[in-house]
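Just so we're aligned: the sequence shown equals residues 0 to 311 in numbering that gives the first Met the number 0.
Glycine included, C-beta positions come from ideal geometry on N, C-alpha and C.
To keep things clear, I will list the structure first and then write my remarks on it.
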Amino acid sequence: MDIGEGATRIVNSVSLKGIRRNWELYLLILPALVYVIVFDYIPMYGVQIAFKDFNAVQGIWGSPWVGLQHFERFFQGYYFQRLLTNTVLISVYYLIISFPLSIMFALLINEIRQVMFKKTVQLVTYAPHFISTVVLVGMMAIFLSPKTGLVNQFILWAGGTPIDFMAEPSWFKSLYVFSGVWQNIGWNSILFIAALAGVDPQQHESATLEGASKLQRIWHINVPAIMPTVMILFIMQCGQIMAVGFEKVFLMQNDVNISASDIISTYVYRSGVLGAQYSFSAAVGLFNSVINLILLIVVNRISKRLTDTSLW
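Written as structure tokens, this is what we have:
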């Protein structure tokens, strides 16, 4: 028996002993593991229709292979550039605005010393997260209505001209981003607030004795303390850049603003569900997922090299 084989047997033995010793913990993990396998991995066999000319009569396994034909059709399609540009712009715009604001909001909440006021602010900012997307878009349509909307009434009162925000393509991305910030800033700040709760108060006391201002203590103590949490969440956000929320975009979309609101998710819906082009829509969706995976791996590797923080 060589050294490598012996080492492998020792590792296996240790692993089996560890499983037997902690079988209760492995038993707790089992339902989640089964759930992931059944609902996340087994359905992935359907991805193969992206490389086939799917026919419902022949089924997934019986349909003929066509290679990368659907991908080539998408890349050479008339809408490819518009879909890719809109998807990336909306997602990056939201990331640039929403992510730093959530961190700043958490830092501000952490500095509030009056408990009642702090809880009230948290309650008010968390509440919009639980509003249905349908209700949110309905509220936007009412408040931004060109004739009866509160915003346009104010513009008229100020001597301006009413704006049809929901139909104007140039307003679509800003409406999507800032309505999302309003709805989720409180919820997104929860993890940062939890990380700030772990900061040792003695560090602040020492800094105060040395004459550090509140802003200096936030910058030199609180920000470095939450930086690992910030990097982990940033990596996860980068892994979802191409996964712009379908529901909200679809509800806000109309024939007038479609040049700015058409994204890969809505195109997959139109071509797959409405157009019954199942193989083509699967190819477009798979392209979207692969780009997300590549971004996740690249950003994770960069973060590991620069900050020594990574998902794996």
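A straight-line Cα-Cα distance of about 14 Å links PHE245 and TYR93. Residue nearest to VAL248 within the set LEU292, ASN21, ARG300, THR265 is THR265 (criterion: CA-CA distance). The three-state secondary structure of TRP64, taken from DSSP, is strand. Counting of Cβ neighbours within 10 angstroms places ASP261 among the buried residues, the total reaching 16 or more. Listed in chain order, the alpha helix (DSSP H) runs fully inside the segment 220-289 are 222-237, 245-251, 257-260, 263-268, counting runs of at least 4 residues.
Per DSSP, LYS172 is one residue of the alpha helix (DSSP H) stretching across 168-187. Annotation: GLY17 to LEU174 spans about 53 Å, alpha carbon to alpha carbon. Here the C-alpha atom of GLN201 lies approximately 40 Å from the C-alpha atom of ARG20. Look at the beta carbons and you see the segment 47-54 touching the segment 270-282: at least three pairs across the two are nearer than 8 Å.
The straight-line gap separating the alpha-carbon atoms of PHE116 and LEU122 is approximately 10 Å. For the pair VAL136 and LEU143, the CB atoms are not nearer than the 8 Å cut-off.
Under the three-state reduction of DSSP, LYS16 is assigned to helix. Taking the Cβ atoms as the reference, ALA194 lies roughly 7 Å from ALA224, within the contact range of under 8 Å.
Exclusion of the five residues before and after ILE231 leaves THR308, LEU310 as the residues of its chain whose Cβ lies within less than 7 Å of its Cβ. In this structure, LEU82 places its C-beta atom within 8 Å of the C-beta atom of ILE263. Taking C-beta atoms as the reference points, PRO168 and ASN256 count as a pair closer than 8 Å.
Looking only at PRO227, ASN287, ARG216, SER278, the smallest Cα-Cα distance to GLY238 is reached by ASN287. Within a 10 Å sphere around the beta-carbon of TYR44 sit fewer than 16 other beta-carbons, which makes this residue exposed. Looking at the DSSP output, LYS51 shares a beta bridge with TRP64. Cβ contact annotation for THR160 (same chain, cutoff 8 Å, sequence separation greater than five): ILE154, in chain order. When DSSP states are grouped into helix, strand and coil, GLU209 belongs to the coil group. When C-alpha distances from GLY179 are compared across GLY76, MET139, GLU209, the shortest belongs to MET139. Secondary structure at PHE164: coil, using DSSP grouped into helix, strand and coil.
Comparing alpha carbon positions, the residue from ASP163, ALA242, TRP218 closest to ILE141 is ASP163. Here ALA105 has SER188, PHE191, ILE192 as same chain residues with Cβ atoms under 6 Å from its own Cβ, once five neighbours each way along the sequence are excluded. With a 10 Å radius around the Cβ and a threshold of 16 neighbouring Cβ atoms, SER258 comes out exposed.
Minimum Cα-Cα distance from VAL222 among the listed residues ALA196, VAL243, GLY76, GLU204 corresponds to ALA196. Rounded to whole angstroms, the gap between the alpha carbons of PRO227 and THR124 is 24 Å.
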